[in-house]
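In the numbering used here, the protein residues as written are 1 to 418.
What follows is one structure encoded as structure tokens, with my remarks underneath.
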């Protein structure tokens, strides 16, 4: 590796160095065609003296490079490009403005409980998405989960990942021992439950600032992971709800039949804990929004990625009984999905219909024009929660997201006129 910051790597002009390690450096660069900033991991194995270590590192690099363009998810750092050459090898990644979760793993710098549950939930959705794509991460730890400046998270570093559809020999003995599942330490066949275990360790650390197993040597650590049950997190932080103890300890079960069997089970319990932690009010947390949307018939055919995108273009409102949501004759530029409660639809003062949770109203504007005159009035007959979507925002959404909305609207039209 040269001592000076390169002016350009491939087609990417370099802005500055972001960090360095034993086997390479990471640079902030500009994507001239995409018009965005990217992070480039430029690697070299020249400084690795041990040939076996050099081989393992190269394998990990190729592993991660092979995922370029394959894991597109709001909570996974996107791998945009990869170049593997003798003179220079590098991976181009989405640039994440933020830092890792490591800084929130000390007892004097812990996050609020609801934030820990939110991070764990979003991580679980990302890892489930990766699993459906045939990928098991195998190295989940705070250093591989990035928190953006807006508080959102992204999982990074799939160099140790186990890829289902590949003819290549998979890496063994990789990962960080403190976060490894018992089956990973034994080098047994792995399932997504190994990532569930590792995420459970991350959750333990974020809640307490401590590891579930504390050992003076690697041998002692491995023995404890294989043979000793972890203490409940509340032993280290007395104000933790029993529900969080139960979730973490279930994720850390050594017996696979007692551990969460899949990400849906894990996510369900995290959702329940989140609801109990967050006080009711006007603001609806993003994790709760995700689960509400996922449960509504209108969104039943949306994939997780499309639901996350839908969340970014929606406004959520809690309204009291009697609120006029749409007034006949007014100009409108949005439509609504009813998340909770009931509304009455009327024209010229005469009731036409009653809509319940999951129903959509005002959507005809999307097909007519950005702004049009309302033909009916819609009034909350109970306290309601509505999801408001501006037609102009939806038009700017990705094609897959728009297509799902169009399919949902078509289903509504068929049901109403069938």
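For each residue, glycine too, the CB sits at the ideal point set by N, CA and C.
None of these values were measured; they are calculated from a predicted model.
Could you check how far apart the C-beta atoms of residue i and residue j are, in whole angstroms? I think they sit under 8 Å.
i, j, result
"residue 378", "residue 345", "5 Å"
"residue 148", "residue 301", "Actually they are not in contact, since the Cβ atoms of residue 148 and residue 301 sit about 29 Å apart, beyond 8 Å."
"residue 75", "residue 153", "6 Å"
"residue 88", "residue 41", "Actually they are not in contact, since the Cβ atoms of residue 88 and residue 41 sit about 12 Å apart, beyond 8 Å."
"residue 341", "residue 385", "6 Å"
"residue 155", "residue 77", "7 Å"
"residue 138", "residue 194", "7 Å"
"residue 334", "residue 284", "With 8 Å as the limit, residue 334 and residue 284 do not qualify as a contact, their Cβ atoms being about 18 Å apart."
"residue 362", "residue 322", "At roughly 18 Å, the Cβ-Cβ gap does not stay under 8 Å, so residue 362 and residue 322 are not in contact."
"residue 339", "residue 292", "5 Å"
Going by C-alpha distance, which of the options is nearest residue i?
i, options, result
"residue 124", "363, 290, 351", "290"
"residue 395", "206, 91, 309, 88", "309"
"residue 347", "327, 126, 240", "327"
"residue 429", "182, 90, 103", "Residue 429 is absent from the structure shown; the chain starts at 1 and stops at 418."
"residue 144", "239, 132, 209, 119", "119"
"residue 242", "261, 253, 273", "273"
"residue 249", "211, 332, 28, 363", "211"
"residue 387", "75, 298, 114", "298"
"residue 294", "332, 268, 114", "268"
"residue 406", "375, 381, 360, 380", "360"
"residue 91", "107, 339, 111, 66", "66"
"residue 266", "236, 198, 240", "198"
"residue 222", "32, 179, 14, 412", "179"
"residue 303", "108, 106, 408, 383", "408"
"residue 150", "115, 126, 177, 176", "115"
"residue 397", "306, 350, 330", "306"
Residue i and residue j: beta carbons closer than 7 Å?
i, j, result
"residue 128", "residue 263", "yes"
"residue 215", "residue 224", "yes"
"residue 61", "residue 43", "yes"
"residue 136", "residue 162", "yes"
"residue 146", "residue 96", "yes"
"residue 324", "residue 381", "no"
"residue 192", "residue 131", "yes"
"residue 270", "residue 117", "yes"
"residue 208", "residue 232", "no"
"residue 29", "residue 15", "yes"
"residue 159", "residue 85", "no"
Would you decide whether residue i is buried or exposed? Buried here means 16 or more other CB atoms lie within 10 Å of its CB.
i, result
"residue 141", "buried"
"residue 206", "buried"
"residue 171", "Reliability fails at residue 171, whose pLDDT of 45 lies under 50, so the model's placement of it is uncertain and the value that follows must be treated cautiously. That one is buried."
"residue 320", "exposed"
"residue 410", "exposed"
"residue 399", "exposed"
"residue 167", "A caution first: residue 167 carries a pLDDT of 41, below 50, which makes its placement in the model too unreliable to give a value."
"residue 414", "exposed"
"residue 235", "exposed"
"residue 282", "Since pLDDT at residue 282 reaches only 49, below the 50 mark, its modelled position is unreliable, and the value read off the structure follows with that caveat. Counting Cβ neighbours within 10 Å, residue 282 comes out exposed, since fewer than 16 surround it."
"residue 122", "buried"
"residue 188", "exposed"
"residue 239", "exposed"
"residue 13", "exposed"
"residue 20", "exposed"
(message) Please give the ranges of any beta strand (DSSP E) in the region 86 to 119, keeping only runs that are unbroken, at least 3 residues long and fully inside the region.
(response) Within the region 86 to 119, the complete beta strand (DSSP E) runs of at least 3 residues are 89 to 94, 98 to 100.
(message) For a minimum of 3 consecutive residues, which ranges assigned as the beta strand (DSSP E) are wholly contained in the region 301 to 375?
(response) Here the runs fully enclosed are 314 to 319, 324 to 326, 334 to 340, 343 to 347, 350 to 355.
(message) Ignoring anything shorter than 4 residues, give me the alpha helix (DSSP H) runs that lie fully in the region 191 to 264, in order along the chain.
(response) DSSP runs (the alpha helix (DSSP H)) wholly in the region 191 to 264: 193 to 208, 218 to 227, 242 to 251.
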